[in-house]
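K.L.:
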Amino acid sequence: MHKRMWKVVAAAGALAVLALPASAATLDQVKAKGYVQCGVSQGVIGYSAPNDKGEWAGFDIDFCRAIAAAIFNDPSKAKFTPLSTKDRFTALQSGEIDILTRNTTWTLDRDTKLGFNFVGTTYYDGQGFMVKKSMKINSALELSGASVCTQTGTTTELNLADYFRNNKMKYEVVAFATADETIKAYESGRCDVFTTDASQLYAQRLKFANPDDHMVLPEIISKEPLGPVVRQGDDQWFDIGKWTFFAMLNAEELGITSKNVEEMKKSSSPEIKRVLGVEGSLGEGLGLTNDWVVRIISKVGNYAEIYDRNLGAGSKLKIERGVNRLWNKGGIQYAPPIR
Amino acid sequence: MSDITETRLPAAKPSRGSLLTDPRTRSILIQGTVLVLVCVALWFFISNGRANLAARNIQTGFGFLDQQAGFDISQTLIAYSDNASYGRVFLIGLLNTLLVAGLGVIFATIIGFGVGIARLSPNWLVSKLAEVYVEVIRNLPLLFQILFWYLGVLAAMPAARQSLSFFGLAYFNNRGVVLARPLFGDGSGIIGLALLAGIVLAFIVRRWAHRRQMRTGQPFPTIKTMLALIFGLPLVAYAATGFPISLEWPVLRGFNFAGGIRVIPEFVALLLALSTYTGGFIAEIVRAGIQSVNRGQSEAAGSLGLRPGPTLRFVVVPQALRVIIPPLTSQYLNLIKNSSLAVAIGYPDFFALFAGTTLNQTGQAIEIIAMTMAVYLVISLIISGLMNLYNQRMALVER
Numbered sequence: 002m003h004k005r006m007w008k009v010v011a012a013a014g015a016l017a018v019l020a021l022p023a024s025a026a027t028l029d030q031v032k033a034k035g036y037v038q039c040g041v042s043q044g045v046i047g048y049s050a051p052n053d054k055g056e057w058a059g060f061d062i063d064f065c066r067a068i069a070a071a072i073f074n075d076p077s078k079a080k081f082t083p084l085s086t087k088d089r090f091t092a093l094q095s096g097e098i099d100i101l102t103r104n105t106t107w108t109l110d111r112d113t114k115l116g117f118n119f120v121g122t123t124y125y126d127g128q129g130f131m132v133k134k135s136m137k138i139n140s141a142l143e144l145s146g147a148s149v150c151t152q153t154g155t156t157t158e159l160n161l162a163d164y165f166r167n168n169k170m171k172y173e174v175v176a177f178a179t180a181d182e183t184i185k186a187y188e189s190g191r192c193d194v195f196t197t198d199a200s201q202l203y204a205q206r207l208k209f210a211n212p213d214d215h216m217v218l219p220e221i222i223s224k225e226p227l228g229p230v231v232r233q234g235d236d237q238w239f240d241i242g243k244w245t246f247f248a249m250l251n252a253e254e255l256g257i258t259s260k261n262v263e264e265m266k267k268s269s270s271p272e273i274k275r276v277l278g279v280e281g282s283l284g285e286g287l288g289l290t291n292d293w294v295v296r297i298i299s300k301v302g303n304y305a306e307i308y309d310r311n312l313g314a315g316s317k318l319k320i321e322r323g324v325n326r327l328w329n330k331g332g333i334q335y336a337p338p339i340r
Numbered sequence: 016m017s018d019i020t021e022t023r024l025p026a027a028k029p030s031r032g033s034l035l036t037d038p039r040t041r042s043i044l045i046q047g048t049v050l051v052l053v054c055v056a057l058w059f060f061i062s063n064g065r066a067n068l069a070a071r072n073i074q075t076g077f078g079f080l081d082q083q084a085g086f087d088i089s090q091t092l093i094a095y096s097d098n099a100s101y102g103r104v105f106l107i108g109l110l111n112t113l114l115v116a117g118l119g120v121i122f123a124t125i126i127g128f129g130v131g132i133a134r135l136s137p138n139w140l141v142s143k144l145a146e147v148y149v150e151v152i153r154n155l156p157l158l159f160q161i162l163f164w165y166l167g168v169l170a171a172m173p174a175a176r177q178s179l180s181f182f183g184l185a186y187f188n189n190r191g192v193v194l195a196r197p198l199f200g201d202g203s204g205i206i207g208l209a210l211l212a213g214i215v216l217a218f219i220v221r222r223w224a225h226r227r228q229m230r231t232g233q234p235f236p237t238i239k240t241m242l243a244l245i246f247g248l249p250l251v252a253y254a255a256t257g258f259p260i261s262l263e264w265p266v267l268r269g270f271n272f273a274g275g276i277r278v279i280p281e282f283v284a285l286l287l288a289l290s291t292y293t294g295g296f297i298a299e300i301v302r303a304g305i306q307s308v309n310r311g312q313s314e315a316a317g318s319l320g321l322r323p324g325p326t327l328r329f330v331v332v333p334q335a336l337r338v339i340i341p342p343l344t345s346q347y348l349n350l351i352k353n354s355s356l357a358v359a360i361g362y363p364d365f366f367a368l369f370a371g372t373t374l375n376q377t378g379q380a381i382e383i384i385a386m387t388m389a390v391y392l393v394i395s396l397i398i399s400g401l402m403n404l405y406n407q408r409m410a411l412v413e414r
């Protein structure tokens with residue numbers, strides 16, 4: 002009996018270890034299999050959720066498609082793995098996905114101990130609280146004694162504890178593994194408050210039977226810089242992720258959109274020529290082709306287009322750009338130059 | 016315990032020819048080779064895993080158990096704050112699992128024995144009701160039942176301000192159950208001692224009564240005496256010390272009740288689902304056990320003049336237990352492992368807290384999964400060890 006048990010333990014250990022592939026160039030692996038595998042959420046409208054046609058759509062989805070476009074000149078060569086907050090890091094560590102584009106907060110702990118690199122901050126967010134309007138509460142500071150529903154394994158859970166401790170308020174946390182369970186518990190009255198990143202509060206509110214019965218409190222209690230994540234130790238793949246994002250920001254800054262990208266190629270501006278690969282061979286430095294930015298912008302769009310389509314005025318969410326505006330338009334989105 | 020000694024061929028015959036054909040030498044050789052191979056494979060996987068983790072700059076080791084956890088937990092049996100370490104989280108999760116599993120085992124056993132005996136009742140209504148219970152409970156998935164209790168029953172309770180009250184002693188609402196908390200004043204210790212003395216005395220009486228009955232055949236009102244001792248002694252002590260126990264009444268304040276003991280609905284839902292579900296299986300095991308006792312046994316008891324109650328207690332059940340205990344052990348083990356379904360409704364059990372939240376916050380999958388496996392393995396081995404001991408005591412004594 003003992004012996005058999007040890008064999009089982011050994012076999013399980015073996016599986017766990019074998020699941021870690023020997024680290025090789027992710028770009029080569031992606032090219033060999035013919036698609037990029039992205040980890041996404043299990044359904045946050047605006048970030049990653051199936052649309053009316055049953056296709057994946059959202060801000061994070063478009064980032065993944067942009068990488069596929071840069072590599073294959075075909076945004077459909079992206080596959081998506083829906084992950085809970087709980088499973089997302091293990092999936093990336095084990096090589097199940099190539100890149101995690103799943104509204105994940107950049108923290109020092111995750112950057113170092115988990116063996117990850119954050120590509121950049123694609124969306125500056127902050128944590129907020131949602132309550133029922135009927136409770137007549139106007140500030141998060143009135144929440145002492147409340148029950149709070151949240152998702153486990155998130156920075157949200159940690160910020161929540163900090164905030165209530167800081168303000169010397171009591172509360173009860175009820176933590177669930179998935180977003181849907183959390184929302185269901187809040188809606189059924191198990192909790193007074195639902196907390197997560199503010200953008201997600203707006204997105205999840207759309208799922209309620211009566212969205213207008215709920216309101217988001219004005220306090221934003223944390224910094225939540227959200228961005229795509231890659232495994233540490235593959236600098237080329239890290240660069241591709243980083244510069245795909247910067248290319249979308251630079252394109253917006255230079256006024257290059259999916260509609261005018263072909264005309265822009267004829268532009269006399271040396272900067273635009275460099276970005277679009279008409280001059281120089283910058284794309285090859287990344288292991289891509291020189292027209293990599295053209296591919297991204299023509300197939301997916303620049304940052305403003307992606308934002309507008311998924312989160313902004315062109316979407317159901319209608320979230321203001323706010324701090325996510327470009328640096329020269331009053332926001333903090335700033336990309337190093339492509340040169 | 017070892018399968019190998021049990022399955023070995025009966026007494027090796029004197030060897031004929033070479034050492035290799037000798038069954039004893041051969042079996043040692045084969046087992047030794049397998050053991051070495053397993054060890055080598057284990058060493059390879061561990062060193063390979065360590066190398067890979069180091070290459071990816073992923074933190075390894077058990078140092079994280081001392082790090083600050085930083086999140087809160089809805090049910091803690093021992094003191095906890097968000098300053099506490101992951102090691103503390105480990106303990107809290109373990110205690111929460113043991114609490115729900117321990118109570119679950121007790122309730123499932125009570126339900127199982129009740130329903131199992133009811134199924135054999137000559138009363139048509141009682142036996143049919145028991146049958147319906149068993150068939151419905153046994154044939155629905157456990158996760159479904161947990162969600163039914165949680166979302167279907169407990170979430171449908173009124174909000175805190177409209178709580179259902181039970182004489183102010185208990186309030187039921189969609190945040191769980193609030194009970195009045197007993198406050199122990201001076202002299203409460205004496206009552207506790209009286210209770211302890213009552214229990215000890217009750218068991219001494221039981222032993223004595225059993226021996227006397229074996230010797231003389233004289234019955235003794237054992238159960239009544241035991242109850243009188245266990246409840247009577249503390250009551251006398253309570254009166255003698257001048258009624259030192261008072262109640263702290265729950266009061267509605269702000270969002271919820273203040274004071275009293277709060278039982279979270281996740282716990283209630285999980286406990287209800289686990290005990291009714293496992294109770295359904297135990298009922299069938301109990302029925303099978305009772306039916307396995309030859310009818311002649313109860314007929315013989317009847318012809319000796321024993322009434323149905325004592326017949327069941329002294330003749331049928333002791334024999335049935337031998338059939339019941341081994342499958343009952345499996346049900347207990349199932350219940351403990353099934354308690355990890357808590358993760359679906361947000362009950363902070365060991366699996367949800369440690370293999371869920373802690374794993375996610377620290378990212379140390381291999382260490383945490385190994386520890387989780389070890390914990391469930393140890394709990395299960397302890398339970399099956401205890402049940403095996405009990406089984407040995409109940410086994411037929413051959414004369």
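Line by line, the protein sequences give chains A and B.
Taking the working numbering, the leading residue of the first sequence gets 2, the next gets one more, and so forth.
Taking the working numbering, the leading residue of the second sequence gets 16, the next gets one more, and so forth.
Note that the Cβ used here is the ideal one computed from N, Cα and C, for glycine as well.
Bear in mind that the values here come from a model prediction, so they are computed numbers and not experimental data.
Can you check whether the C-beta of Ile43(B) is within less than 8 Å of a C-beta belonging to chain A?
P.N.:
Cβ-Cβ to chain A under 8 Å: no for Ile43(B).
K.L.:
Since Ala116(B) and Leu350(B) should fall inside the 8 Å C-beta cutoff, what is the C-beta to C-beta distance between them, to a whole number of angstroms?
P.N.:
Yes, they are in contact, since the Cβ atoms of Ala116(B) and Leu350(B) sit about 6 Å apart, within 8 Å.
K.L.:
Comparing alpha-carbon positions, which option in Lys78(A), Phe195(A), Val276(A), Asp99(A) lies nearest Phe239(A)?
P.N.:
When each option's Cα is compared against that of Phe239(A), the closest is Asp99(A).
K.L.:
Taking C-beta pairs closer than 9 Å, name the residues in chain B that Thr86(A) reaches, listed in chain order.
P.N.:
Neighbours of Thr86(A) on chain B, chain order: Asn375.
K.L.:
Which residues in the same chain have their Cβ closer than 8 Å to the Cβ of Ile152(B), if we skip the five residues on either side of it in sequence?
P.N.:
Closer than 8 Å at Cβ, skipping near neighbours: Gln160, Thr291, Tyr292, Gly294, Gly295.
K.L.:
Report the residues of the stretch 71–83 of chain B with a CB closer than 9 Å to any CB of chain A, ordered along the chain.
P.N.:
Hits within the stretch, in order: Arg71, Asn72, Ile73, Gln74, Phe79.
K.L.:
Which of the three DSSP states, helix, strand or coil, is assigned to Ser180(B)?
P.N.:
If DSSP states are grouped into helix, strand and coil, Ser180(B) belongs with the strands.
K.L.:
Exposed or buried, which one is Arg66(A) when buried takes at least 16 other CB atoms within 10 Å?
P.N.:
Classification for Arg66(A): buried.
K.L.:
Suppose the cutoff is 8 Å on Cβ atoms and the five residues either side in sequence are ignored; what does the same chain contact list for Ala92(A) look like?
P.N.:
Only Gly40, Thr82, Leu84, Ile98, Leu101 meet the Cβ criterion.
K.L.:
Roughly how far, in whole angstroms, is the beta-carbon of Ile297(B) from the beta-carbon of Gly400(B), given that I think they are within contact range, below 8 Å?
P.N.:
About 20 Å separates the two Cβ atoms, so there is no contact after all.
K.L.:
Can you give me the Cβ contacts of Thr290(A) inside the same chain, cut-off strictly under 6 Å, excluding the 5 residues immediately before and after it?
P.N.:
So the list reads Gly284, once near-sequence residues are dropped.
K.L.:
Where in the stretch 270–306 of chain A do unbroken runs of the beta strand (DSSP E), each at least 3 residues long, occur, reported from the N-terminal end onward?
P.N.:
List check, beta strand (DSSP E) in window: nothing returned.
K.L.:
With a Cβ-Cβ cutoff of 8 Å, do Ile339(B) and Val301(B) count as a contact?
P.N.:
Yes, Cβ-Cβ distance for Ile339(B) and Val301(B) is below 8 Å.
K.L.:
In the DSSP assignment, the beta strand (DSSP E) including Glu173(A) goes from what residue to what residue?
P.N.:
Residues 172–177.
K.L.:
Got a sec: which bits of the stretch 28–57 of chain A sit with their beta carbon under 8 Å from any beta carbon on chain B, in order along the chain?
P.N.:
Cβ contacts with chain B: none found.
K.L.:
Per DSSP, Leu227(A) forms a beta bridge with which residues?
P.N.:
Bridge partners of Leu227(A): Thr106(A), Tyr124(A).
K.L.:
Taking the straight line between their C-alpha atoms, what separation do you get for Ala224(B) and Val192(B)?
P.N.:
Computed Cα separation, rounded: 41 Å.
K.L.:
Which residues bound the beta strand (DSSP E) around Ser261(B)?
P.N.:
Start and end: 260–263.
K.L.:
Between which residues of its own chain and Ala23(A) is the CB-CB distance below 7 Å, once the five residues before and five after are set aside?
P.N.:
Here Ala23(A) scores only 43 on pLDDT, less than 50, and its place in the model should not be relied on; the value that follows carries that caveat. Correct list: empty, nothing qualifies.
K.L.:
Applying the 10 Å Cβ sphere with the 16-neighbour rule, what's the burial state of Glu158(A)?
P.N.:
When all chains shown are included, Glu158(A) counts as buried.
K.L.:
Taking a cut of 7 Å between CB atoms, which residues from the stretch 186–198 of chain B lie near chain A?
P.N.:
If the cut-off is 7 Å between Cβ atoms, the stretch 186–198 of chain B has Asn189, Arg190 near chain A.
K.L.:
Would you mind working out which of Ile397(B), Val390(B), Leu396(B), Ile381(B) sits nearest Asn63(B), comparing C-alpha positions?
P.N.:
Comparing Cα-Cα distances from Asn63(B) to each of Ile397(B), Val390(B), Leu396(B), Ile381(B), the minimum goes to Ile381(B).
K.L.:
Going residue by residue through the stretch 313–388 of chain B, where are the continuous beta strand (DSSP E) segments of at least 3 residues, counting only ones entirely within it?
P.N.:
Counting only runs of 3 or more, we get nothing.
K.L.:
Thr91(B) CB to nearest chain A CB: under 8 Å?
P.N.:
Output row for Thr91(B): interface = no.
K.L.:
Could you give the DSSP three-state label for Gly129(A): helix, strand or coil?
P.N.:
DSSP places Gly129(A) in strand when its eight states are reduced to three.
K.L.:
Mind pulling the chain B residues with CB within less than 7 Å of Arg166(A)?
P.N.:
Within 7 Å Cβ-Cβ: Asp97.
K.L.:
Can you tell me the Cβ-Cβ gap for Phe365(B) and Gly108(B), rounded? I've got them flagged as a contact below 8 Å.
P.N.:
Right, their Cβ atoms sit about 4 Å apart.
K.L.:
Mark Gln128(A) as exposed unless 16 or more other C-beta atoms lie within 10 angstroms of its C-beta, in which case mark it buried.
P.N.:
Label assigned to Gln128(A): buried.
K.L.:
For Leu115(A), decide whether its Cβ has a neighbour in chain B, counting only Cβ atoms nearer than 8 Å.
P.N.:
Yes, contact with chain B.
K.L.:
Run down chain B in chain order and give the residues with a C-beta less than 9 Å from the C-beta of Gly234(A).
P.N.:
Ordered by position in chain B, the residues that pass the 9 Å Cβ test against Gly234(A) are Ala70, Arg71, Asn72.
K.L.:
Using the Cβ count rule (16 or more neighbours within 10 Å means buried), how would you classify Arg147(B)?
P.N.:
Rather than Arg, the amino acid found at residue 147(B) in this sequence is Val. Exposed, since its Cβ has fewer than 16 Cβ neighbours within 10 Å.
K.L.:
Helix, strand or coil for Thr258(A) per DSSP?
P.N.:
Of the three classes helix, strand and coil, the one that applies to Thr258(A) here is coil, per DSSP.
K.L.:
Please state whether DSSP places Pro22(A) in a helix, a strand or coil.
P.N.:
A caution first: Pro22(A) carries a pLDDT of 45, below 50, which makes its placement in the model unreliable, though a value can still be read off. Reduced to three states, the DSSP call for Pro22(A) is coil.
K.L.:
Going by CA-CA distance only, name the one from Tyr172(A), Lys87(A), Pro229(A) that's closest to Tyr125(A).
P.N.:
Among Tyr172(A), Lys87(A), Pro229(A), the Cα nearest to that of Tyr125(A) is on Pro229(A).
K.L.:
Taking three-plus beta-carbon pairs below 8 Å as touching, is the stretch 240–256 of chain A in contact with the stretch 210–218 of chain A?
P.N.:
Taking 8 Å as the limit for Cβ pairs, the verdict is that the stretch 210–218 of chain A does not touch the stretch 240–256 of chain A.
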